[in-house]
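Down below is the structure, laid out as structure tokens.
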Amino acid sequence: MSITTLANTMATANGSGYLQLRGVGKRFGETVVLSDLDIDIGEGEFISLIGPSGSGKTTTLRIIAGLESPTTGAVLVDGKDITALLPNERDFAMVFQHFALFPHLDVFQNVAYGLRIRGMKKAEMERQVLPMLERVGLRELATRKVGELSGGQRQRVGIARALIVKPRLLLLDEPTGSLDTKLKLAMQTELKALHKESGLTFIHVTHNQSEALALADRVYVMNDGRIEQQGSPTEVYRYPATRFVADFVGRNNLIDGTLEHGSFRSAMGTFPAGAGAAQLPGGAGTAVIRADAIHLGAAEPGAASLPVRLDALEYAGSIVTWFLRGPAGPLTADVPADDSGRLDPQIGDAYEAWWNPDDVHYLRAETRDGLKGG
Amino acid sequence: MAVTDTAQTLSPRHPVTLTPTSLDRRLRARRARNAWLLLAPALLVVLVAAAAPLAMVLWVSFWRVDGLVLARTIDTEAWASVLSDPTFRRLAWSTVQTVVIVLALVGVLGLAAGYFLARFVTNRKVQALLLMLAILPFWTSYLIRIITWQPLFGNSGVINFLLAKAGLPQMELFLFNQRAMVFAMTSLYVVFVIGPVFWALSRIDPEVIAASRSLGASAWTTFRTVELPLARGGLVVGLFFASIFLFGDYATGRLIGGGTNPMLSDAISQYAGSGQWPVAAALAVVLFGIAIVVLALFMRVYDLRTEL
Ligand SMILES: Nc1ncnc2c1ncn2[C@@H]1O[C@H](COP(=O)(O)OP(=O)(O)OP(=O)(O)O)[C@@H](O)[C@H]1O
Ligand SMILES: [Mg+2]
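Same order as they appear, the protein sequences are chains A and B. Heads up: the first sequence begins at 1 in this note's numbering, then just goes up one per residue. Heads up: the second sequence begins at 375 in this note's numbering, then just goes up one per residue.
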């Protein structure tokens with residue numbers, strides 16, 4: 001009880017607390033899908049839930065929408081418990097992962113549905129729906145059956161259909177999941193603009209971490225029905241709190257070892273520990289080194305370095321990813337294409353990999369072990 | 375003109391025998407041939423078992439009965455009596471009435487039961503079991519049904535007993551009258567609607583219903599604006615088949631209705647039974663006509679071809 005009160009006070013102090021999930025758990029029969037979820041969202045925030053497939057993101061959204069009732073815990077809006085409210089009694093709208101468009105209605109009627117059931121007159125409906133269709137680029141397809149649309153077009157119908165009812169909270173389940181890269185970027189820009197302009201609260205689910213980092217004010221990382229970490233995109237990206245987050249967000253190299261007297265000892269070698277170690281007492285830990293913090297070629301003075309061999313290369317535009325083999329395991333480096341070209345990489349050749357010790361982030365070993373414990 | 379020119383100048387240099395259009399034509403020809411091959415057996419059955427007897431019936435309606443002998447002539451005597459006798463008109467009217475009443479009941483009850491099965495029974499096995507139960511009336515004979523209904527609906531049956539207990543006025547006999555017939559027909563044919571409606575409702579993506587709810591629709595609004603339109607095909611298919619059976623069902627009316635509200639089909643069987651073949655045939659043609667009109671009305675309400 002006192003913990004709840006404390007959490008409540010903290011939430012208010014945060015200036016957030018529009019929507020809260022308190023200790024929400026969900027079981028389907030014997031399967032535990034969510035356990036003890038605490039989420040706290042401020043009005044007007046753009047939140048991303050990220051996590052691998054099956055981690056419970058959709059289930060979380062469905063519980064917020066009222067389409068699924070939590071086995072334990074409560075959902076609160078403005079401090080009021082809404083767990084028992086029906087979906088239509090909540091002022092939320094949802095964009096579904098698999099579109100869920102009305103198959104018997106055309107594009108216009110799909111978008112107009114929320115207005116129609118509110119008893120809106122036809123003329124007024126047209127006045128609102130047509131600009132919305134314009135906005136999502138579907139004006140020409142207004143009379144098309146939804147079965148005759150491409151995946152991307154369906155997704156846009158789904159978004160328009162949810163936005164038109166002017167909900168207080170928009171739940172987006174992988175809204176760019178079925179779009180190609182170009183459309184995806186366009187849709188991301190559009191979502192960001194919509195969020196800014198509408199002032200609505202967005203909760204957005206994705207398993208694409210770069211999308212979450214690009215869009216969200218705050219990110220919740222989920223794994224196995226739990227929240228692993230929450231924070232701003234930069235925080236989550238730079239300072240992953242658990243081994244899972246370090247592995248899932250960004251491209252990180254994880255090296256297990258021991259911290260002592262300002263150096264980090266591991267099977268890969270012994271390196272200067274850097275500023276990141278200051279937060280940790282000595283003992284077992286994991287060094288997290290972002291792939292783009294690892295450089296190749298002549299090491300700067302004071303850098304941590306180790307000999308590696310090049311296993312494979314992957315070209316992705318301005319970045320070349322080097323898959324390396326160190327003394328005791330693999331290492332991945334994202335190298336700017338220009339630098340990579342200068343090094344003239346040959347598979348199997350030996351190189352020296354190095355990093356600035358201050359770029360290393362350390363995880364306590366307890367976090368690592370405590371992960372799946374329970 | 376210009377197009378033809380290009381084609382002519384191009385053809386020697388590009389000796390293409392199969393342009394896309396000719397491939398298209400070949401594919402279409404093959405499809406047409408396959409379609410006829412697939413259709414032929416069924417068509418043959420329809421011709422032999424339906425079209426020929428129908429033509430026969432039409433012909434018989436122009437025969438004449440001389441005493442006990444059937445004369446194969448072209449005579450309008452049977453038609454004259456069928457069209458002039460008000461009894462037959464009343465018969466036709468009461469048939470249509472009965473069919474409409476039963477269809478209305480079967481539609482509403484079938485929709486409710488189908489909805490219950492699809493939405494409230496989550497166990498697949500229980501669903502199948504309940505559907506089987508709905509078919510059960512087909513497996514019991516009329517005699518058994520009457521015998522089992524007697525203690526329930528008879529004058530001194532359970533219903534009247536309970537009414538008396540509750541101090542309510544007793545009901546008159548619930549057997550051998552029109553009410554009993556409508557009741558029996560409903561219980562018999564409701565399964566034609568339950569099945570397709572259940573199937574149509576089960577096919578609806580639960581996410582679509584969730585979408586409707588999250589957009590602010592209540593459960594009832596969702597039923598009205600999403601589920602009913604999507605299940606309408608099943609409903610119409612069910613009513614369609616029920617009506618086909620209803621028009622031909624004379625046994626229920628005779629055995630359970632006690633002949634109080636004879637159907638056209640009942641009259642047909644009686645005339646045929648007494649050797650009045652031309653009148654029976656003429657009535658059959660009339661019944662066929664009515665059935666066609668009703669089915670055409672269904673088609674107007676909902677294009678069955680989109681569903682079948
Ligand atoms: N109705 C249900 N009955 C049983 N298990 C379910 C049900 N719905 C979801 N699950 C299970 O719950 C887990 C989480 O599912 P959920 O759909 O929330 O995952 P997700 O994070 O959205 O995954 P994805 O990225 O693939 O969409 C999965 O293991 C799934 O199998
Ligand atoms: Mg999902």
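Even for Gly, the Cβ is constructed at its ideal location relative to N, Cα and C.
Sufficient close CB pairs (3 or more, under 8 Å) joining the region 29-37 of chain A to the region 190-204 of chain A: Here the region 29-37 of chain A makes no contact with the region 190-204 of chain A; the two share fewer than three CB pairs at distances below 8 Å.
Straight-line Cα distance separating A:Pro103 from A:Val172: On the first sequence, residue 172 of chain A is found 172 positions in, with the first residue counted as 1. On the first sequence, residue 103 of chain A is found 103 positions in, with the first residue counted as 1. One point to set straight first is that residue 172 of chain A is Leu, not Val, in the sequence displayed. Roughly 20 Å separates the two Cα atoms.
Identity of the residue in A:Thr242, A:Leu296 and A:Glu260 nearest A:Pro281 by Cα: Within the first sequence, the letter at position 281 stands for residue 281 of chain A. The option with the nearest alpha carbon to A:Pro281 is A:Glu260.
Cβ contact check for the region 444-453 of chain B and the region 573-585 of chain B: 3 or more pairs under 8 Å: Contact between the region 444-453 of chain B and the region 573-585 of chain B is not established, with fewer than three Cβ pairs separated by less than 8 Å.
Interface residues of chain A facing B:Glu581 [CB-CB closer than 7 Å]: Numbered from its first residue, the second sequence carries residue 581 of chain B at position 207. Within 7 Å Cβ-Cβ: Phe96, His98 and Ala100.
For A:Thr58 and A:Gly348, the rounded distance between their alpha carbons: Within the first sequence, residue 348 of chain A is the residue found at index 348, counting from 1. Within the first sequence, residue 58 of chain A is the residue found at index 58, counting from 1. Note on geometry: alpha-carbon atoms of A:Gly348 and A:Thr58 lie some 44 Å from one another.
Beta carbon proximity, A:Gly114 to chain B, threshold 8 Å: The count along the first sequence starts at 1 and reaches residue 114 of chain A at position 114. Closer than 8 Å to some Cβ of chain B, the Cβ of A:Gly114 qualifies, so yes.
Burial state of B:Val377, where buried means 16 or more other Cβ atoms lie within 10 Å: Within the second sequence, numbered from 1, the residue matching residue 377 of chain B stands at position 3. Any reading at B:Val377 must be qualified, since the residue scores a pLDDT of 41, below 50, and its modelled position is unreliable; the value itself is stated next. With a 10 Å radius around the Cβ and a threshold of 16 neighbouring Cβ atoms, B:Val377 comes out exposed.
Best match in B:Arg553, B:Arg519, B:Leu417 and B:Asp440 for proximity to B:Leu729 [C-alpha to C-alpha]: Chain B is shown only over 375 to 682; residue 729 of chain B falls outside these bounds and no answer can be derived.
A:Ala160 versus A:Leu115: straight-line alpha-carbon distance, rounded: For this step, residue 160 of chain A is matched to residue 160 along the first sequence. For this step, residue 115 of chain A is matched to residue 115 along the first sequence. If you take the alpha carbons of A:Ala160 and A:Leu115, they lie about 12 Å apart.
A:Thr423 beta carbon near ligand 1 (any heavy atom closer than 7 Å): This structure leaves residue 423 of chain A out entirely; chain A is present only between 1 and 374.
Continuous beta strand (DSSP E) stretch holding A:Lys26: start and end: Against the first sequence, residue 26 of chain A aligns to sequence position 26. Element bounds for A:Lys26: Leu19 to Phe28.
Rounded separation between A:Thr234 and A:Val221 - CA only: Start at 1 with the first residue of the first sequence, and residue 234 of chain A comes out as number 234. Start at 1 with the first residue of the first sequence, and residue 221 of chain A comes out as number 221. When rounded, the distance between both Cα atoms is 13 Å.
Integer-rounded CB distance, given that B:Leu483 should sit under 8 Å from B:Thr560: Residue 560 of chain B sits at position 186 when you count from the first residue of the second sequence. Residue 483 of chain B sits at position 109 when you count from the first residue of the second sequence. Indeed, because the Cβ distance is near 7 Å, the residues count as touching under 8 Å.
Heavy atom of ligand 1 within 7 Å of A:His98 beta-carbon: Working through the first sequence from its first residue, we reach residue 98 of chain A at position 98. No - ligand 1 has no heavy atom lying nearer than 7 Å to the Cβ of A:His98.
Chain A residues whose Cβ lies nearer than 8 Å to that of B:Gly608: Locating residue 608 of chain B in the second sequence gives position 234, counting from the first residue. Going along chain A, no residue has its Cβ under 8 Å from B:Gly608, so there is no contact; the nearest lies around 13 Å.
Buried or exposed by the 16-neighbour rule on C-beta atoms within 10 Å, applied to A:Asp40: Position 40 of the first sequence, counting from 1, holds the residue named residue 40 of chain A. Flag for A:Asp40 reads buried.
Classification of A:Thr375 by the beta-carbon crowding that lies within 10 angstroms, buried from 16 upward: Look at the range of chain A in this structure, 1 to 374, and you will see that residue 375 of chain A is not part of it.
Cutoff 6 Å; reference A:Ile294; Cβ partners in own chain excluding five residues on either side: For the purposes of this step, residue 294 of chain A is taken as residue 294 along the first sequence, with counting starting at 1. Cβ neighbours of A:Ile294 within its own chain (closer than 6 Å, five residues either side excluded): Ala333, Ala353 and Trp355.
Closest residue to A:Val111 among A:Leu179, A:Val288, A:Lys166 and A:Gly302 (Cα-Cα distance): By 1-based counting over the first sequence, the position of residue 111 of chain A is 111. Between A:Val111 and the set A:Leu179, A:Val288, A:Lys166 and A:Gly302, the nearest pair of CA atoms involves A:Lys166.
Test item, CB below 6 Å from any non-hydrogen atom of ligand 1: Here the residues come out as A:Phe28, A:Thr31, A:Val33, A:Gly51, A:Ser53, A:Gly54, A:Ser55, A:Gly56, A:Lys57, A:Thr58, A:Thr59, A:Gln97 and A:His207.
B:Phe615 vs B:Phe566 beta-carbon contact at 8 Å: As a position in the second sequence, residue 615 of chain B is number 241, starting the count at 1. As a position in the second sequence, residue 566 of chain B is number 192, starting the count at 1. For B:Phe615 and B:Phe566, yes; Cβs fall inside 8 Å.
Proximal residues to B:Gln650 (C-beta, below 7 Å), its chain only, five neighbours per side dropped: Along the second sequence, one-based indexing puts residue 650 of chain B at 276. Closer than 7 Å at the Cβ level, and outside the excluded window around B:Gln650, lie Val439.
Cutoff 8 Å: B:Leu682 Cβ touching any chain A Cβ: In the second sequence, residue 682 of chain B corresponds to position 308, counting from 1. Confidence in B:Leu682 is poor, its pLDDT being 49 and thus under 50, which makes the residue's placement unreliable; the coordinate value appears in the next sentence. By this cut-off, B:Leu682 is not an interface position.
Where A:Glu134 falls: helix, strand or coil (DSSP): The residue given as residue 134 of chain A occupies position 134 in the first sequence. Look at A:Glu134 here: in three-state DSSP terms it is helix.
Interface partners of A:Phe264 on chain B, CB under 9 Å: On the first sequence, residue 264 of chain A is found 264 positions in, with the first residue counted as 1. Here the premise fails: no neighbours, minimum Cβ distance about 49 Å.
Interface residues of the region 589-604 of chain B facing chain A [CB-CB below 7 Å]: If the cut-off is 7 Å between Cβ atoms, the region 589-604 of chain B has Leu589, Gly590, Ala591, Ser592, Thr595, Thr599, Val600, Pro603 and Leu604 near chain A.
Listed by chain order, chain A residues near B:Ala584 by CB distance under 7 Å: Residue 584 of chain B sits at position 210 when you count from the first residue of the second sequence. Within 7 Å Cβ-Cβ: Leu67 and Ala100.
The region 463-476 of chain B contacting the region 628-646 of chain B, beta-carbon criterion three pairs below 8 Å: Touching, yes.
Partner residues on chain A for B:Arg628, Cβ-Cβ distance less than 7 Å: For the purposes of this step, residue 628 of chain B is taken as residue 254 along the second sequence, with counting starting at 1. Residues of chain A passing the Cβ test: none, with the nearest at roughly 43 Å.
For A:Gln230, the residue or residues it bridges with in DSSP: Here residue 230 of chain A refers to the residue found at position 230 when the first sequence is read from its first residue. A:Gln230 is bridged to A:Tyr220.
Buried or exposed (CB count within 10 angstroms, at least 16 for buried), B:Ser530: Residue numbering aside, residue 530 of chain B sits at position 156 when the second sequence is read from its first letter. Taking a 10 Å sphere around the C-beta of B:Ser530, we find fewer than 16 other C-beta atoms and assign the residue as exposed.
As assigned by DSSP and simplified to three states, the class of A:Asn375: This structure leaves residue 375 of chain A out entirely; chain A is present only between 1 and 374.
Residue range of the alpha helix (DSSP H) that includes A:Gly272: Working through the first sequence from its first residue, we reach residue 272 of chain A at position 272. The amino acid occupying residue 272 of chain A in the given sequence is Pro; Gly does not appear at that position. Note, A:Pro272: premise wrong, no alpha helix (DSSP H); beta strand (DSSP E) at Gly269 to Pro272.
Test: B:Arg587 CB closer than 8 Å to a CB of chain A: Position 213 of the second sequence holds residue 587 of chain B. For B:Arg587, the answer is yes, since a Cβ of chain A falls inside 8 Å of its Cβ.
Check whether A:Asn252 and A:Arg290 have beta carbons under 8 Å apart: For the purposes of this step, residue 252 of chain A is taken as the residue at position 252 of the first sequence. For the purposes of this step, residue 290 of chain A is taken as the residue at position 290 of the first sequence. Closer than 8 Å, so yes.
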